[in-house]
Amino acid sequence: MSTQVGHGRNDERTNGATDEEETGAYTVDDLAVVMGTYNEAEAVGTVLDDIDRVTDGRAEVVLVDSSSDRTPEIARERGATVIEQPPRGYGEAVREAVLAPDRPVVVTTDCDDTYPMEALPTFLDRINEGYDVVSGDRLYHGADAMPAFNRLGNAAFAAVSSVLLGERVHDVTTGMRAYRRELLQEITWTENTGLSAELLLRPVARDYDVVEEPISYRERAGETTLDPIDGGIAIGKSILSVCWEEWVA
Ligand SMILES: Nc1nc2c(ncn2[C@@H]2O[C@H](COP(=O)(O)OP(=O)(O)OP(=O)(O)O)[C@@H](O)[C@H]2O)c(=O)[nH]1
Ligand SMILES: [Mg+2]
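One point on numbering: in numbering that gives the first Met the number 0, the residue at position 53 of the sequence shown is 52, and numbering is uninterrupted.
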């Protein structure tokens, strides 16, 4: 398989795509949307309602939840599957979440109303074109809703990752991506705060077919759980160690 990192709209695929007619195209019935949730009562209702509206209530929704507020009750009222986990950080929750569903296409999101669930059909289309990972690129449209410090940090993470991988990537810490389930099961995931970067970097390093898809990004509803400096240092360390491991493997 060849890696095709680039922006979907500008990217001309020449090889690696699986013919839809050979496999049958995936629909929203094949889709699971998963997320970690930590005290997201302010946003969870909106996020799950958006998923239901866009997928006609047909996508499976899985939360790995560590909340002390009403997040799990609100999610269960809407028919989502809630897996309880003590608070252990972003990656511990999201790893459990991506490995939980049986459906062949798994989409991650944050549960803070920042990501556009309207983009789900486009992400599914890109998987049907043959991509293994479709990664939402928040920086393409400027990410004005992102704090300037985070925007700068994300541009730096993308630049460093691009050099280390030898492939141009634009947003390595995005929380919204679609994955083929087999890829999620095939790779061993090791990072916690840096898991979102790892979920992009290992597939790119292993020559899976990866594409970045420009997405909009809204201001967060509710309180952030991430300290930008501690979080940034942890993500930086993850990028270096994951790229090193992939390099020596
Ligand atoms: N289960 C669980 N979920 C978590 C934990 N930490 C963060 N999350 C969830 O993971 C997702 C991402 O966390 P965010 O706080 O949005 O982190 P971020 O997107 O980097 O930062 P901002 O959105 O700018 O605040 C959200 O849905 C959180 O609720 C945790 O320890 N356990
Ligand atoms: Mg977030």
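Each residue gets a CB set at the ideal place from its N, CA and C atoms; glycine is no exception.
| said: Run through the DSSP bridge pairs and tell me what R179 is partnered with. | reply: V104
Using only CA atoms, which one of I214, S240, E218, T192 lies nearest to A233? T192
Query raised in the report: Which ranges does the alpha helix (DSSP H) cover as unbroken runs of at least 4 residues, wholly within the region 114-201, from first to last along the chain?
Result: 119-127, 147-164, 180-185
Next item on the list: Report yes if the CB atom of E212 is closer than 8 Å to the CB atom of F122, and no otherwise.
Entry: yes
Taking 8 Å as the limit between beta carbons, can you name the residues of its chain near R150, skipping five residues before and five after?
L138, A142
Exercise for review: Kindly list the residues whose CB is nearer than 7 Å to the CB of I228, restricted to its own chain and excluding five residues on each side of it in sequence; keep chain order.
Suggested key: none
- Supposed contact pair I238 and V132 - C-beta distance, whole angstroms, cut 8 Å: Not really, about 17 Å apart at Cβ, beyond 8 Å.
Inset, instruction - Kindly indicate which residue of R52, G35, M34 has the alpha-carbon position closest to the one of V27. - result: R52
Would you check if the distance between the CB atom of H140 and the CB atom of S215 is smaller than 8 Å?
yes
### Task
Note down the Cα distance separating G230 from K236, rounded to an integer number of angstroms.
10 Å
* Could you tell me the distance, in whole angstroms, from the CA atom of D49 to the CA atom of A40? => 15 Å
Status (buried if at least 16 other CB within 10 Å, exposed otherwise) for E11: Bear in mind that a pLDDT of 39 at E11, under 50, signals an unreliable position, so the model cannot answer this.
- request: Please check the pair G174 and Y130, which I expect to be a contact at CB under 8 Å, by giving their CB distance rounded to whole angstroms.
  value: Their Cβ separation, rounded to whole angstroms, is 18 Å, which puts G174 and Y130 out of contact at 8 Å.
>> So, at 7 Å on beta carbons, what are the nonlocal neighbours of R69 in its own chain, with the 5 sequence-adjacent residues on each side left out?
In response: A40
To which residues of the same chain is V203 closer than 7 Å at the C-beta, ignoring the five residues directly before and after it? T2, V4, L164, E166, V168, V209
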